[in-house]
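Colleague: Quick one: the structure is below, questions incoming.
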Amino acid sequence: MTSEIHINSIRGRLRWFRWRGAVLILVFLLGLVAFCGGAEASDRDVRSADFMAKVYYTLGLFVLGGLDLGVPVRGPMWARAMLWLVYFAAPAITTSALVEGILRAIRPDRFRLRQLRQHVVIAGCGRLAMLYLECLREAEPNTPVLIIDNRADNPHAQTAIERFRANVLIADVTSKPAIRMLRLKFAKRLVVLTGDDYINLDTATKAISIAPHLATQTLVHISDLRLLRVVEKAELLQQATKFNSYRRAAESLVDENLLPHFRKTDSGDIVVLAGFGRFGQSVLDQLQQHAAEKFSKVVIVDQQGDLQTMVFADQVGFQDGYEWHLLAENLQHPRTWQRVAEEIDGAGEEPVYILGSGDDSVNIRTALWLSRKYPKAKVLARCFRRSTFAEQISSECDFELVSTADLLLSSMNPKWLGSGVPR
C-alpha cells in the first residue's frame, strides 16, 4: 500500500484546529456567562452553585451534559438564549472532533507515515531519483520508501507509487513541518537528489542535525563540479557521500568506450564534443585526467559555448598537451558541421564524435546524420535511457548509444543500496 500526501492539507488541518480551539473557548465562555447571568436549568439548581461548579456544568455541556441538567427554563431572556446556543454548539464541536479523529485514524496514508521505521528517505522525484529507486527496489524490495517533492504535478510521482510502492509526500523539503514528517530519527538512509545543489546540501545538513545517525548514511547529489570540489576540500558533510552523476557517467564512458578506442589508434585522436554542458565538461575533465596523451585536439560545439568554456576554464581548467577550438553554433545547422569539417581537415584518423547535449532527440538525429556522412568515424550519442527505437536506429546506422542511466548504474556503489553508505 502506498500514498501521496500533501503538506498543504496538513497545514490546512492545523489552521482548522486553531479555529476550532478558538470557537471552543468562545462557546465555553458563553455558557459560563449564561450560568453566571442567571440562566437556570429545569433539572438542576445551577443558580445557587458556586463558580467552580458552574465551570464544571459548562464543561459538561460538551459531552451532552445538558441531559442531566435539563433545559433552560428560568432567568433573563438573554441568558437563556445564550445557554440554548451553547446547548447545541458544544456537542457539535465535540462530535466534529470525534468524527475527524476517527477519519484520521482510519486513513491508511497517515497511519503508514506514523508506522515508518528503517525506511529510506528520498528528497526529489526526478529522473535520477527514479533511477535510484529502481535500483533500490531490486536490492531491497521490501524496504519502506518515503519520497518528498514539492511538485504536485510531478509525472514521476504516480510511477513511484504504483510501480515501486513508495509513499510520496508533496511538500517543500526546506520547510520545518515537512522535515518533521520524514521521521528522520527512524530512517536508515537519506538520499538527496533534488535539482538544486544548495537545497541538497542544506537538506542533508538539517537532516543530520536532527538525526546524527544519518551522518554516514546520507547520499547527496551535487551537479556543479566546482561546488563539489569546494565541498570536498572544505570537508563539509565529511561523513556523507557526495557524488556527481555527470562525473560518474563520464568516468564510465571514458573507461569503457574511449580508452579502448584510443588504444587502437596510432596517432593522437581528435575529439568533437557536441554539447558542452555539465556532461560534456565532465567528459573532457575525465579525458584530461585519464587519457591526456591519447588525443591531440578537441573541437567544442555548443551554442552557449562562450559561457560554458569560461565556466570550464574557471572550474576545471584546460590543460596543456592538446589544442581546443570552440564553435558557438547550433548543432542542428548544416553550416555548423561544415565548420567542424574545416577544423579537422587533414587529420589522419576519423575523429570521435560525442553528442552530449541535453536533448536526446537532437543527439540521436545528429548521430544519424554523422554516421551516414562519416561511416568510419566513431559516433556516440548520449541519451538518458535506451529505447527500442533508438537501439534499432543505432544498430542499423552504426553509431553507439551512450545511456547516462546505464553508465551511472555501472558505476554505482552497491553500498548505496545496501545497509549503509560508505564514507
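In case it helps, this note's numbering puts the sequence shown at residues 19 to 441. Glycine included, C-beta positions come from ideal geometry on N, C-alpha and C.
#1: Note down the Cα distance separating E274 from A331, rounded to an integer number of angstroms.
#2: Can you find the residues in the same chain that come closer than 8 Å, C-beta to C-beta, to A71, ignoring five residues on each side of it along the sequence?
#3: Of all the options N218, P230, G376 and L305, which has the alpha carbon lying nearest to the alpha carbon of A147?
#4: Just verifying my parser: in three-state terms, what is the DSSP assignment at S468?
#5: So who's on the other strand from V319, going by DSSP bridges?
#6: Assuming R207 is part of the beta strand (DSSP E), what are its boundary residues?
#7: From which residue to which residue does the alpha helix (DSSP H) around V139 run?
#8: Starting from P90, trace the beta strand (DSSP E) in both directions and tell me its first and last residue.
#9: Express the C-alpha separation of G213 and P432 in angstroms, rounding to a whole number.
#10: Of all the beta strand (DSSP E) runs that stay within the bounds of the region 401-426, which reach a length of 3 or more residues?
#11: With DSSP collapsed to three states, give me the class of T113.
#12: Compute the distance between the beta-carbons of V2 and L398, then report whether it is under 8 Å.
#13: Going by DSSP in three states, Y150 sits in which element: helix, strand or coil?
#14: Can you tell me whether I188 is buried or exposed, with buried defined as 16 or more other CB within 10 angstroms of its CB?
#15: Per the DSSP calculation, I166 is bridged to which residue(s)?
#16: Write down every uninterrupted run of the alpha helix (DSSP H) in the region 249-274 whose length is 4 residues or greater and which is fully enclosed by it, in chain order.
#17: CB G49 to CB L116, shorter than 8 Å?
#18: Only counting the same chain, and skipping five residues up and downstream in sequence, which positions put a Cβ closer than 6 Å to that of A107?
#19: Taking only the alpha-carbon atoms, compute the straight-line gap between L425 and R383 and give it to the nearest angstrom.
Modeller: Judging by the given coordinates:
#1: 26 Å
#2: V64
#3: N218
#4: Any property of residue 468 remains undetermined from this structure, which presents the chain solely from 19 to 441.
#5: A292 and L345
#6: R207 to V210
#7: Segment V138 to A141 is the beta strand (DSSP E) holding V139; no alpha helix (DSSP H) there.
#8: P90 to R92
#9: 23 Å
#10: 418-421
#11: helix
#12: Since the first and last residues shown for the chain are 19 and 441, residue 2 lies out of range.
#13: helix
#14: buried
#15: A141 and L187
#16: 263-271
#17: no
#18: V45
#19: 21 Å
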